[in-house]
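Under full-length UniProt numbering, think of the first position of the sequence shown as 1, with each following residue one higher. Below: the structure, in structure tokens.
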Amino acid sequence: MPREIGEKVVSTNRKARHDYLIEETYEAGMVLTGTEVKSLRAGRASLVDGYAFIEGGEAWLDAVHIQEYMAGTWTNHPPRRKRKLLLHKQEIVKISHKTKEGGYTLVPLRIYFSNGKAKVEIAVAKGKKEYDKRQTLRERQDKRESDRAMSARKHLGD
Numbered sequence: 001m002p003r004e005i006g007e008k009v010v011s012t013n014r015k016a017r018h019d020y021l022i023e024e025t026y027e028a029g030m031v032l033t034g035t036e037v038k039s040l041r042a043g044r045a046s047l048v049d050g051y052a053f054i055e056g057g058e059a060w061l062d063a064v065h066i067q068e069y070m071a072g073t074w075t076n077h078p079p080r081r082k083r084k085l086l087l088h089k090q091e092i093v094k095i096s097h098k099t100k101e102g103g104y105t106l107v108p109l110r111i112y113f114s115n116g117k118a119k120v121e122i123a124v125a126k127g128k129k130e131y132d133k134r135q136t137l138r139e140r141q142d143k144r145e146s147d148r149a150m151s152a153r154k155h156l157g158d
């Protein structure tokens with residue numbers, strides 16, 4: 001029986017959706033040490049500079065910052081280290097082919113606990129150009145303004 005039921009989000013990479021066009025997402029387990037798990041349970045992680053890659057038929061997560069556990073001693077982990085991702089072989093092959101095409105990269109979107117097990121959501125993504133980012137912001141602003149106008153119109157009719 002898992003200690004926790006459901007999903008508890010530890011950290012999200014909000015900038016990833018702004019900087020990249022997300023093609024596919026995958027859920028992967030992580031190989032962690034004990035102090036890393038305790039630190040994650042305390043909510044101390046950052047995905048800002050993180051990225052994933054395929055090397056030697058294995059998936060790896062690098063540059064993700066998991067802060068040292070405060071009550072840890074000499075057994076503490078290094079905050080930024082390569083961590084192995086647990087994916088099915090077919091998923092690794094599929095991701096590998098996609099990233100070798102060119103222009104695609106693996107980006108971590110969020111770290112969370114699913115039924116007590118630490119997971120990371122990674123995405124096969126393509127980098128956006130500057131004008132694509134501006135276009136996305138413009139569309140979001142236009143939608144917000146139209147929603148406001150419709151809401152105001154609805155309240156006037158009452």
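Cβ atoms here follow ideal geometry from the backbone N, Cα and C, with glycine treated the same way. All of these numbers come straight from a predicted model, not from anything done at the bench.
In or out: residue i buried (at least 16 other Cβ within 10 Å) or exposed?
| i | result |
| --- | --- |
| A42 | exposed |
| residue 178 | The requested residue 178 does not occur in the structure, where the chain is confined to residues 1 to 158. |
| M30 | buried |
| A71 | exposed |
| S39 | buried |
If you measure between the beta carbons of residue i and residue j, is that distance less than 8 Å?
| i | j | result |
| --- | --- | --- |
| S11 | R83 | no |
| T33 | H77 | yes |
| V9 | Y51 | no |
| K128 | D49 | no |
By how many angstroms is the C-alpha of residue j removed from the C-alpha of residue i?
| i | j | result |
| --- | --- | --- |
| residue 159 | E4 | The structure shown does not extend to residue 159, since the chain is modelled only from 1 to 158, so the question has no answer here. |
| E7 | V37 | 15 Å |
| E91 | L21 | 20 Å |
Point to revise | Touch test, the stretch 93-100 against the stretch 137-144, Cβ-Cβ under 8 Å, three pairs minimum | key: no
Check your understanding: Which whole runs of the beta strand (DSSP E) in the stretch 7-72 are 3 residues long or more, in chain order?
Key -> 7-12, 20-30, 51-55 and 58-62
Exercise for review: Check whether the stretch 117-134 touches the stretch 13-26, counting contact only when three or more Cβ pairs, one atom from each stretch, lie closer than 8 Å.
Suggested key: yes
Review point. Is there contact here, the stretch 42-62 with the stretch 74-90, by at least three beta-carbon pairs under 8 Å?
Key: yes
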